[in-house]
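Here is the structure we will look at, set down as structure tokens.
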Amino acid sequence: MKPLPRLVAPRLVAAGLTAAALLAATACPAATLYTGDRIDGARVIEKLDAADLPVGRTKLWFRAQDNPTGQAWYVPVVVVKGEKPGPNFLLTAGIHGDELNGIAVLQRLTQDLDPKSLSGTVVTVPGLNTPGLLHSTRTYTSSHGGAGGNLNRLIPSDPDAVAGDTDAATRFAARLWSQLFMGNADFAVDLHTQSRGGTYSAFVFAQTRAARHLGDLLRPDVIHMDPGIEGAVENMLNGVEIPAVTYELGTAETWDEAYIGRALTGVRNVMIDAGMLNGQVSTTGPAPFIGNESYEVKSPHGGWAHTRVKLNQDVKAGDEVAVITNAFGDVTATLKAPVDGRVIVVPIDPRTDVGENVVRILRWNDALPCKTDGCPATVDMVKDN
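Here you go:
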């Protein structure tokens, strides 16, 4: 079904986010589909169409699909609709079930927004991966049989995809895409953290010119200009011309108030720039470091990692970044920076397996196709698990 264009705020148009309007609404948008059920007072839906919701704050449960006991997996949705017209801003978190900071960001944002002063609609999904969140796993761990698929590698490219003859994780991802995302986003931010064992700086992945603009507004420590990963929320949205970024916020399995506060400020910057809120964009703090190539410094031995660098530290090729010791404390490996760059990931769990990444470094490489204003459409996305 071909999408129709829709209006976006003038500042977004000037900033290059006009493409967000191209696929944000379908030619015959379906109204929100209700099941007739309620959970804790909130109505249950099979499909969201934010356009038909009333002005104000609406809490819903999306019935994603059946679970192995024949009941349902439910995903929380909160929509805040302003009294004045404007764009749709989609914010998602928790597609990896051990990455929690973004959930707090969305909960606080929707509690604080005043529909009377809001232009447009904020659509939030504070917990995409219900079974993963219950099991505290990165993957869609639906079954007693163990780990399932990585939902952030299974988002389809077809706006109308729903299920198909596929496994449970793939069907779940497709329903998130077609029943929640499509038709409800002019631009988007997907919130993450580093996985267990390590921590990120405030870090944005950006693929396109419009996505880079979003990244600048979020004011992270680092922006990685990156061709993307096939099946990731950010990259599949960019693929249908809805500008989107992934925003990494620190450490898994915790709520970090500093990162949460920074993300809220950045999200409000995006909304101010889009004309959804009044105010001035905050540009406090240093401008983000921009890179387009990352290096993982891996350990040749298992053992205990003793890190010699900090997040956001600049290093030179050959600088010592960590040492690995055995059970007796003897040094078995000294890890050095392979290139000049900025430290973007360090471990918080010193236990290190053979071949495991210990430190990640980002740098700028002029020879790569991704430039500061985006990556060419001809560059293929990476296939990853």
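With mature numbering (1 follows the signal peptide of the UniProt record, and there is no 0) applied, the sequence shown covers -30 to -1, 1 to 355. We treat Cβ as the ideally placed atom computed from N, Cα and C, and that holds for glycine.
{"Asked": "Three-state secondary structure (DSSP) of Ala20", "Found": "helix"}
{"Asked": "CB of Asp354 within 9 angstroms of CB of Ile199, strictly", "Found": "yes"}
{"Asked": "Inter-stretch contact (C-beta, 8 angstroms, three-pair minimum) for the region 140 to 159 and the region 223 to 230", "Found": "no"}
{"Asked": "Candidates Gly134, Trp147, Val352 and Ala20, of which the one nearest Val210 by Cα", "Found": "Trp147"}
{"Asked": "Check whether Asn327 and Val267 have beta carbons under 9 angstroms apart", "Found": "yes"}
{"Asked": "Buried versus exposed, by CB contacts within 10 Å (16 or more), Val132", "Found": "exposed"}
{"Asked": "C-beta neighbour in chain E for Thr254, strict 9 angstroms", "Found": "Within the model displayed, chain E is absent; a lone protein chain is all it includes."}
{"Asked": "Neighbourhood of Ala12 by C-beta distance below 7 angstroms, restricted to the same chain and skipping five residues each side", "Found": "Lys29, Leu30 and Trp31"}
{"Asked": "Bridge-paired residues (DSSP) for Gly344", "Found": "Lys341"}
{"Asked": "C-alpha distance - Gln41 paired with Thr295, whole-angstrom precision", "Found": "49 angstroms"}
{"Asked": "Entirely enclosed beta strand (DSSP E) segments - the region 27 to 64, minimum 3 residues", "Found": "42 to 51 and 54 to 63"}
{"Asked": "Contact check, Gly72 vs Thr163, beta carbons under 9 angstroms", "Found": "yes"}
{"Asked": "Of the residues Thr136, Arg78, Tyr110 and Gly118, the one placed nearest Val45, counting alpha carbons only", "Found": "Tyr110"}
{"Asked": "Simplified DSSP assignment, three categories, for Thr(-5)", "Found": "With a pLDDT of 35 at Thr(-5), under the threshold of 50, the predicted position of this residue should be treated as unreliable, though the coordinate-derived value follows. DSSP places Thr(-5) in strand when its eight states are reduced to three."}
{"Asked": "Stretch pair the region 95 to 109 + the region 181 to 199: three plus CB contacts closer than 8 angstroms", "Found": "no"}
{"Asked": "Three or more C-beta pairs below 8 angstroms linking the region 234 to 245 and the region 290 to 309", "Found": "no"}
{"Asked": "Length at least 3, wholly inside the region 114 to 162: the beta strand (DSSP E) runs in chain order", "Found": "157 to 162"}
{"Asked": "His276 in three-state terms, based on DSSP", "Found": "strand"}
{"Asked": "Proximity winner among His105, Gly115, Gly6 and Leu60, relative to Pro38 (alpha-carbon distances)", "Found": "Gly115"}
{"Asked": "Three or more C-beta pairs below 8 angstroms linking the region 164 to 177 and the region 314 to 323", "Found": "yes"}
{"Asked": "Simplified DSSP assignment, three categories, for Arg(-25)", "Found": "Low confidence applies to Arg(-25): its pLDDT is 32, below 50, so where it sits in the model is not reliable enough to give any reading."}
{"Asked": "Range covered by the beta strand (DSSP E) that runs through Asn327", "Found": "Asn327 to Arg333"}
{"Asked": "Leu124 vs Gly201 beta-carbon contact at 9 angstroms", "Found": "yes"}
{"Asked": "Own chain, CB closer than 6 angstroms to Glu69, minus 5 neighbours either side, in chain order", "Found": "His162, Thr163 and Ala222"}
{"Asked": "Cα-Cα separation between Gln35 and Phe142, rounded to whole angstroms", "Found": "7 angstroms"}
{"Asked": "Thr100 versus Ala74: straight-line alpha-carbon distance, rounded", "Found": "15 angstroms"}
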